[in-house]
Amino acid sequence: ALLTQRKLAEYLVERGAHFLFTAKDNQPTLSADIRLHFAERGEADFREPPSLQHGRIESRAIWTSTALNAYLDFPQVGQVFAIERHTIEKKTGKVSIETVYGVTDHTP
């Protein structure tokens, strides 16, 4: 999957398009590097206010960084990101927190 995304990233940028990929466990080095970078995050770059959708209260926050651009073995990196989603099920009160990590060619 990593080779496919690498080729796709090059293909898109060569044609003037952009990419945004999530870094998953099928790309262990990329995923680990980004996770480690965001292990101790400060204040979020942007925080979405809570909203009620589909019986859930959801909020999101994003952290971005260009610090890994020269380090990562991935083409055309503009920045990496971490998005944290907080969800509360209205009926049950169940709370879930999910964080996804990724890479894009977009620059800040």
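Per the working numbering, the very first residue in the sequence shown carries number 1; after that it's consecutive. The beta carbon of each residue, even a glycine, is placed where N, CA and C say it ideally should be.
Can you give me the start and stop residues for the alpha helix (DSSP H) that residue i sits inside?
i	result
Ala32	Pro28 to His37
Would you decide whether residue i is buried or exposed? Buried here means 16 or more other CB atoms lie within 10 Å of its CB.
i	result
Thr64	buried
Phe46	exposed
Ala9	buried
Val95	exposed
Ala70	exposed
Ala82	buried
Starting from residue i and walking both ways along the beta strand (DSSP E), at which residues does that stretch end?
i	result
Tyr71	Looking at the DSSP string, Tyr71 is not in any beta strand (DSSP E), and its letter there is neither H nor E.
Thr64	Arg56 to Ser65
Val100	Val95 to Thr104
Gln76	Run containing Gln76: none; DSSP gives neither H nor E here.
Phe21	Leu20 to Thr22
Considering only their Cβ atoms, is the gap separating residue j from residue i smaller than 7 Å?
i	j	result
Arg6	Pro75	yes
Gln79	Thr99	no
Leu30	Phe19	no
Arg35	Glu48	no
Decide yes or no for the touch test of the segment 84–96 against the segment 51–69: beta carbon pairs closer than 8 Å, at least 3 of them. The answer is yes - the segment 51–69 touches the segment 84–96, with three or more Cβ pairs under 8 Å.
Using a Cβ distance threshold of 8 Å, determine whether the segment 17–27 contacts the segment 36–43, with at least three qualifying pairs required. Segments in contact, no.
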